[in-house]
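So the structure is just underneath, and the comments pick up after that.
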Ligand SMILES: Cc1cc2nc3c(=O)[nH]c(=O)nc-3n(C[C@H](O)[C@H](O)[C@H](O)COP(=O)(O)OP(=O)(O)OC[C@H]3O[C@@H](n4cnc5c(N)ncnc54)[C@H](O)[C@@H]3O)c2cc1C
């Protein structure tokens, strides 16, 4: 492999039901930064069916080129056809970097593609930068249970591939117009060699807001004492009158108090709300990894030495079961006063 032949930063722009995943727009923004340092261009690759409309959006968010692999056989994500087409695109176009969202789809697809193109993959990166001397991609991710940050390079193989969790990178401000060059990639699917066929899709829709979309998160930890006390968090979230929802630490998910999709942290979701209220959460490094970039952090903990206070902008030392009802009343009163004035 002559690594000099590989040029350009590619992003696998994930779509489902015709909607681009937010993480793909975040990655296009990051790719723009990397491409600038490498003196190259950003290419977003979309696989799906009837996906033409997505090119403009990707262009506005920073893609210089968009490759559309449009085929009815790619309408719904399936490992084999997606891995087949993306491998073909990579082998043909030889990008130096390929980025994927660490979504369920990205986590399934990226390792298979990396094996097929014989290169490495760094999963769940929290930092990506170009080494100014070697021009290698420096991929940083938590290691040893989050206790250290490891920076990984892939100097001998191309492309350099990484997955990044949603919410870690920030989107750029979109341009009013897209000037991206669009290529319609000719898809050839060897359907007979695929082993899986989708017969039916059953979707479970949750009526709760996704914690990554919330402006305010009221988050509970083991210090809440029991699942019933999570009602205190629901009451506070409701008092804000919209944009707020309840999240939690992993301890509560492991104890079966809360659904996994509410978990914040290294093995949960990365969140960046305007306000994060940590209630009875100790502030373990794996939890902080998922919420420390929140705009404002308030912590309530009965232990004044709890590490969460080091990350918090405001702290209340006390029992959550006593403080939360009083906090909720204050929020209700403040919002009522604001609405009156
Ligand atoms: C590989 C790996 C990945 C992990 N991923 C994650 C992750 O994604 N997210 C995550 O959260 N954790 C994760 N963890 C677990 C993490 O290390 C901690 O164990 C976990 O975050 C602790 O949850 P907690 O703060 O709710 O509980 P604890 O650490 O038990 O803390 C409870 C806190 O509540 C306080 N408290 C107790 N009673 C009260 C009260 N009545 N009023 C006020 N305060 C009270 C205590 O002082 C204490 O600080 C991971 C661990 C590993 C090894």
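In the numbering used here, the protein residues as written are 4 to 344.
Positions of the beta carbon are idealized from the N, C-alpha and C atoms, including for glycine.
Is there at least one non-hydrogen atom of ligand 1 closer than 6 Å to the beta-carbon of residue i?
i           : result
residue 252 : yes
residue 141 : no
residue 215 : no
residue 232 : no
residue 224 : yes
residue 259 : no
residue 238 : no
residue 90  : no
residue 309 : yes
residue 305 : yes
residue 111 : no
residue 297 : no
residue 287 : yes
residue 323 : yes
residue 270 : yes
residue 283 : yes
residue 148 : yes
Name the residue from the options whose alpha carbon lies nearest to the alpha carbon of residue i.
i           : options               : result
residue 129 : 327, 120 and 103      : 103
residue 291 : 269, 142, 80 and 282  : 269
residue 32  : 176, 122, 148 and 94  : 176
residue 318 : 333, 334, 47 and 299  : 299
residue 172 : 35, 327 and 21        : 35
residue 97  : 133, 76, 44 and 55    : 44
residue 316 : 294, 323, 328 and 333 : 294
residue 155 : 324, 131 and 180      : 131
residue 74  : 189, 93 and 125       : 189
residue 255 : 266, 93, 248 and 200  : 266
residue 218 : 209, 208, 206 and 245 : 245
residue 41  : 28, 141 and 167       : 141
residue 258 : 231, 274, 242 and 280 : 231
residue 271 : 127, 83, 333 and 207  : 127
residue 185 : 38, 55, 334 and 325   : 55
residue 288 : 150, 78, 83 and 93    : 150
With DSSP run on the structure shown, which of helix, strand or coil describes residue i?
i           : result
residue 13  : strand
residue 222 : strand
residue 64  : coil
residue 109 : helix
residue 36  : helix
residue 95  : helix
residue 307 : coil
residue 152 : strand
residue 31  : helix
residue 53  : coil
residue 145 : strand
residue 73  : strand
residue 266 : strand
residue 1   : A query on residue 1 cannot be resolved here, the shown segment of the chain reaching from 4 to 344 and no further.
residue 250 : strand
residue 215 : coil
residue 26  : helix
residue 104 : strand
residue 231 : helix
residue 239 : helix
Determine the extent of the beta strand (DSSP E) in which residue i is found, giving its start and end residues.
i           : result
residue 336 : Per DSSP, residue 336 belongs to no beta strand (DSSP E); it is in the alpha helix (DSSP H), 323-343.
residue 186 : 184-188
residue 127 : 124-128
residue 201 : First-last for residue 201: undefined, no H or E at that position.
residue 281 : 278-282
Whose C-beta lies closer than 7 Å to the C-beta of residue i among residues of the same chain, with five residues either side of it excluded?
i           : result
residue 285 : 224, 309, 310 and 311
residue 121 : 160
residue 183 : 58, 61, 62, 66, 67, 68 and 69
residue 64  : 28, 31, 32, 174, 175 and 177
residue 212 : 248
residue 6   : 161
residue 8   : 97
In chain order, what residues of the same chain have a beta carbon less than 6 Å from the beta carbon of residue i, not counting five sequence neighbours either side?
i           : result
residue 85  : 50 and 112
residue 157 : 123 and 163
residue 115 : 86
Let's see if you can read the secondary structure: which residues bound the alpha helix (DSSP H) around residue i?
i           : result
residue 168 : Neither: residue 168 is in no alpha helix (DSSP H) and is coded neither H nor E.
residue 255 : 253-257
residue 42  : Premise fails: residue 42 is in no alpha helix (DSSP H) and is neither H nor E.
residue 293 : 288-294
Output needed for residue i: all residues of its chain with C-beta closer than 8 Å, excluding positions within five of it in sequence on either side, in chain order.
i           : result
residue 327 : 235, 236, 238, 239, 282 and 303
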